[in-house]
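Asks:
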Amino acid sequence: MIAVVGHPDLTTLTLALLEEELRTRLAGLAQAGRAGLVRAGQGLPVAFGRAARAAGLALVTVLPAMQGVLAPLREADRKAAGELLLLSQQVRLLEYEPGLGSSCVSADEDLLRGCTRVLAVWDGSPSTFRDATAHLVAFARGLGLDVEVLWPAGADRVNTAGESV
Numbered sequence: 030m031i032a033v034v035g036h037p038d039l040t041t042l043t044l045a046l047l048e049e050e051l052r053t054r055l056a057g058l059a060q061a062g063r064a065g066l067v068r069a070g071q072g073l074p075v076a077f078g079r080a081a082r083a084a085g086l087a088l089v090t091v092l093p094a095m096q097g098v099l100a101p102l103r104e105a106d107r108k109a110a111g112e113l114l115l116l117s118q119q120v121r122l123l124e125y126e127p128g129l130g131s132s133c134v135s136a137d138e139d140l141l142r143g144c145t146r147v148l149a150v151w152d153g154s155p156s157t158f159r160d161a162t163a164h165l166v167a168f169a170r171g172l173g174l175d176v177e178v179l180w181p182a183g184a185d186r187v188n189t190a191g192e193s194v
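Here the sequence shown is numbered in the working numbering, starting from 30 and rising by one per residue.
#1: With a threshold of 16 other CB atoms inside 10 Å of the CB of Gly-143, please say whether the residue is buried or exposed.
#2: In the DSSP output, which residue or residues are listed as bridge partners for Leu-39?
#3: At the level of alpha carbons, what is the spacing between Val-187 and Gly-72?
#4: Measuring only the C-alpha atoms, how far is Leu-39 from Asp-185?
#5: If we ignore side chains and look at the alpha-carbon of each, how far apart do Val-91 and Pro-37 end up?
#6: With DSSP collapsed to three states, give me the class of Pro-93.
#7: I'd like to check one pair, Ala-136 with Glu-202: are the Cβ atoms closer than 8 Å?
#8: Using 8 Å for Cβ pairs, my map puts Gly-65 next to Ala-45. What's the rounded Cβ distance?
#9: Counting only runs of 3+ residues fully inside the region 148-188, write out the beta strand (DSSP E) ranges in chain order.
#10: Determine the DSSP secondary structure at Ala-32, reduced to helix, strand or coil.
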């Protein structure tokens, strides 16, 4: 299983660059019979899902559950989750609270434990209260997973005011 982790605040241009790069990288892995794993959400998960589908890679989407029942997603993630469900060959429920950052990080750690490879969209910055990418890269490496860091030329992030950083 191949997972993707990365910054939640990537610009639209960066997501387009990544979708193309991910498609190219995933094409070879699709031929090897692998599958991609993504936790439902907007931004990078959708770019990964589209790239996986275009590359012929099976996609597994993880949705939040609470006590075994599908949990409501944040409004911003609902449309993205719908697209991911259409792209997926399989859907899994995982116990976590989608509105709680620490719960989402724990969910990502659970997902990484079941993977052999991680594609990390990461600019090398440290983790913050809004972004646990550095933590997840270190966590995956600590598990001995194959981690490939992607940060294409021209990639950028958006700050809280909606401007490129």
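Each residue gets a CB set at the ideal place from its N, CA and C atoms; glycine is no exception.
Replies: In short:
#1: Walking along the sequence shown from the start, residue 143 turns up at place 114. Result: exposed.
#2: Taking the first residue of the sequence shown as 1, we reach residue 39 at position 10. Partner(s): Arg-186.
#3: Stepping through the sequence shown from its first residue, residue 187 is reached at position 158. Stepping through the sequence shown from its first residue, residue 72 is reached at position 43. Approximately 12 Å between the Cα atoms of the pair.
#4: Against the sequence shown, residue 39 aligns to sequence position 10. Against the sequence shown, residue 185 aligns to sequence position 156. Cα-Cα distance, rounded: 6 Å.
#5: Sequence index remark: in the sequence shown, residue 91 carries index 62 (1-based). Sequence index remark: in the sequence shown, residue 37 carries index 8 (1-based). C-alpha separation (whole angstroms): 17 Å.
#6: The count along the sequence shown starts at 1 and reaches residue 93 at position 64. In this structure, Pro-93 counts as strand in the three-state DSSP scheme.
#7: Nothing about residue 202 can be read from this structure; the chain reaches only from 30 to 194.
#8: Locating residue 65 in the sequence shown gives position 36, counting from the first residue. Locating residue 45 in the sequence shown gives position 16, counting from the first residue. The Cβ separation is near 19 Å, so there is no contact.
#9: 175-179
#10: The residue you call residue 32 lines up with position 3 of the sequence shown. DSSP places Ala-32 in strand when its eight states are reduced to three.
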